[in-house]
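Since the structure comes first, as structure tokens, the remarks are kept for the end.
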Amino acid sequence: MDDQLRRRLFEMLERDTKARQLAAIGGGLFEGYNDKLRDVYNANARELAEIVDQGGWPDKYRVGEDGATVAFLVVQHAIGLPNFMRACLELIEEAAARGAVPRWHVAFLTDRIRVMEGKLQLYGTQFDWDEAGQISPLPIESPETVDERRKAIDLVSLADAIVIERKERADRGELSPGNWARRQADFVFWAEAVGWRS
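Count the sequence shown with our numbering and you get residues 467 to 664, in order.
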């Protein structure tokens with residue numbers, strides 16, 4: 467176990483959490499890609515890239531399962547860096563194949579990348595506000611078999627995930643961001659600008 471590396475990862479998580487809390491308090495968490503969040507996410511991603519270059523993916527054998535999950539969260543939040551996220555997905559897939567990280571890391575990152583690229587997600591892990599102002603999973607490829615895919619990677623059913631997600635959002639006091647069509651158009655514009663879509 468690399469205690470120094472664990473400390474670095476948890477320092478990244480602390481910066482991430484504080485930045486999200488400040489953005490939420492200021493009401494800017496769902497208004498585009500908050501500049502301060504972006505800066506923290508990108509700084510964390512750069513630091514994680516250095517860690518990976520020096521010693522490979524920080525898996526449960528190096529940093530514990532919780533430390534590996536922190537590294538995964540850093541990647542999940544680095545949405546302004548498409549190439550970084552795609553490269554990390556390959557490393558996480560390799561680690562999951564060895565049993566060095568949970569399989570759900572692969573599912574969540576796969577879905578996140580597919581959504582950013584404008585594709586249907588495979589596992590139903592990515593949620594957002596829908597046109598009716600309800601938290602719902604984003605569109606899913608072959609939805610009739612999604613629960614089979616979720617079960618294969620140790621995730622609860624999609625129906626259960628929806629209940630959990632809606633409760634967590636309500637507990638955090640999150641409200642629908644308002645103009646749905648405008649928000650969707652802004653997201654597509656942003657995704658094209660940072661290189662997710664052409």
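Each residue gets a CB set at the ideal place from its N, CA and C atoms; glycine is no exception. Please read all numbers here as calculations on a predicted model, not as lab measurements.
* **Residue from Leu586, Glu477 and Ser642 whose Cα sits closest to the Cα of Ala598** => As a working mapping, residue 598 is identified with position 132 in the sequence shown. Residue Ser642 is the option with its Cα nearest to Ala598.
* Val612 beta carbon less than 8 angstroms from that of Leu624 -> If you number the sequence shown from 1, residue 624 lands on position 158. If you number the sequence shown from 1, residue 612 lands on position 146. Yes; because the gap between Cβ atoms is below 8 angstroms, this pair is in contact.
* Where Gly584 falls, given that 16 or more other Cβ within 10 Å makes a residue buried -> Numbered from its first residue, the sequence shown carries residue 584 at position 118. Exposed, by the Cβ-count rule.
* Could you please give the first and the last residue of the uninterrupted alpha helix (DSSP H) stretch that includes Ile668? => This structure cannot speak to residue 668, because the chain is shown only from 467 to 664.
* Asked: So, Gly546 versus Tyr589, is the Cβ gap smaller than 8 angstroms?
  -> Working through the sequence shown from its first residue, we reach residue 546 at position 80. Working through the sequence shown from its first residue, we reach residue 589 at position 123. No; because the gap between Cβ atoms is not below 8 angstroms, this pair is not in contact.
* Of the residues Asn645, Thr591 and Val541, the one placed nearest Lys617, counting alpha carbons only -> Here residue 617 refers to the residue found at position 151 when the sequence shown is read from its first residue. For Lys617, the closest alpha carbon among the candidates Asn645, Thr591 and Val541 is that of Thr591.
* Asked: Around the Cβ of Ala636, are there at least 16 other Cβ atoms within 10 angstroms (buried) or fewer (exposed)?
  -> Residue 636 sits at position 170 when you count from the first residue of the sequence shown. Here Ala636 is exposed: its Cβ has fewer than 16 other Cβ atoms, across all protein chains shown, within 10 Å.
* For Arg569, which of Ile558, Ile579 and Val654 has the nearest alpha-carbon? -> Locating residue 569 in the sequence shown gives position 103, counting from the first residue. Answer by Cα proximity: Ile558.
* To do: Pull up the distance between the alpha-carbon of Arg649 and that of Gly533, whole angstroms please.
  => Counting from one through the sequence shown, the residue named residue 649 turns up at place 183. Counting from one through the sequence shown, the residue named residue 533 turns up at place 67. If I take the Cα positions, the gap works out to 34 angstroms.
* Decide if Gln520 is buried, meaning its Cβ has at least 16 other Cβ atoms within 10 Å, or exposed. => Residue mapping note: residue 520 aligns to position 54 of the sequence shown, counting from 1. Exposed, by the Cβ-count rule.
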